[in-house]
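Here is the structure we will look at, set down as structure tokens.
Chains as they are written, first to last, in the numbering used here: chain D, 231 to 340; chain H, 24 to 136.
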């Protein structure tokens, strides 16, 4: 079983719509959670960290559900520039490495 | 100024050749990484160095050898290239080990023919 699993999508949404997707992780001891964004043929960049109580950054909201071992990302009022692949990233407390999901592709259309 | 830079950006070579990819960061970070992203877009850690010391060495063929001459540089040498080595290789750096944001270089797209 992969450490981090994501629905690959693609999620095709019109501008202004809300889109949400989840990521599940296998190790209940996982402690740190992030969403990275990767544009086509570009490098990944940190979008936001995910905190236990959930957090917002502008139009982006991240939630953590430890009981069910998933994190979610919600994008409100989608913009064309939100089109990208969103990578779920998880870290174990005793491990120096980050585990990346394969990504969820979002395409926002005009 | 580019924070994490890699050279070359593209590399096309034949099976059996030896090649190197170079990475430099000017962020003053202590920790650097090499990742491989295959055609399925899965980003997998290969190596990590903290202040020139190897701290992560995943199950990678020993044809791959990282070298960190100083904490700002992490190079990757690949011997006897195989078709399956074709991928995008990303270098990254972070302030330290563990739970820190990682900054990625632009990637090196390696094609082995």
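Backbone N, C-alpha and C fix where the C-beta goes; we use that ideal spot for every residue, glycine too.
**Prompt:** Which residues, in order along the stretch 51 to 84 of chain H, keep a beta-carbon less than 7 Å from a beta-carbon of chain D?
**Reply:** 63, 64, 65, 66, 68, 71, 78 and 79
**Item:** Cβ pair count under 8 Å reaching 3, the stretch 305 to 317 of chain D against the stretch 256 to 263 of chain D
**Value:** no
**Prompt:** Using a Cβ-Cβ cut-off of 6 Å (strictly less than) and excluding sequence neighbours within five positions of residue 323 of chain D, which residues of its own chain qualify?
**Reply:** 261
**Prompt:** Mind listing which residues of the stretch 280 to 303 of chain D have their C-beta closer than 8 Å to chain H's C-betas, in chain order?
**Reply:** none
**Request:** For residue 34 of chain H, count neighbouring Cβ atoms within 10 angstroms of its own Cβ and tell me buried if that reaches 16, exposed if not.
**Result:** buried
**Asked** Taking Cβ positions, are residue 302 of chain D and residue 250 of chain D nearer each other than 8 Å?
**Response** yes
**Prompt:** According to DSSP, is residue 103 of chain H helix, strand or coil?
**Reply:** coil
**Message:** Just to confirm my understanding: we take residue 282 of chain D, look at its own chain, exclude 5 residues before and 5 after, and list those with CB closer than 7 Å. What are they?
**Reply:** 294
**Asked** To which residues of the same chain is residue 75 of chain H closer than 7 Å at the C-beta, ignoring the five residues directly before and after it?
**Response** 91, 93 and 94
**Request:** Take residue 320 of chain D as the anchor and find which of H/44, H/59, H/55 and H/68 has the nearest alpha-carbon.
**Result:** H/68
**Prompt:** CB residue 130 of chain H to CB residue 46 of chain H, shorter than 8 Å?
**Reply:** no
**Asked** How big is the Cα-Cα spacing for residue 239 of chain D and residue 278 of chain D?
**Response** 20 Å
**Message:** Looking only at its chain, what residues have a beta carbon closer than 6 Å to the beta carbon of residue 83 of chain H, apart from the 5 residues adjacent to it on each side?
**Reply:** 69
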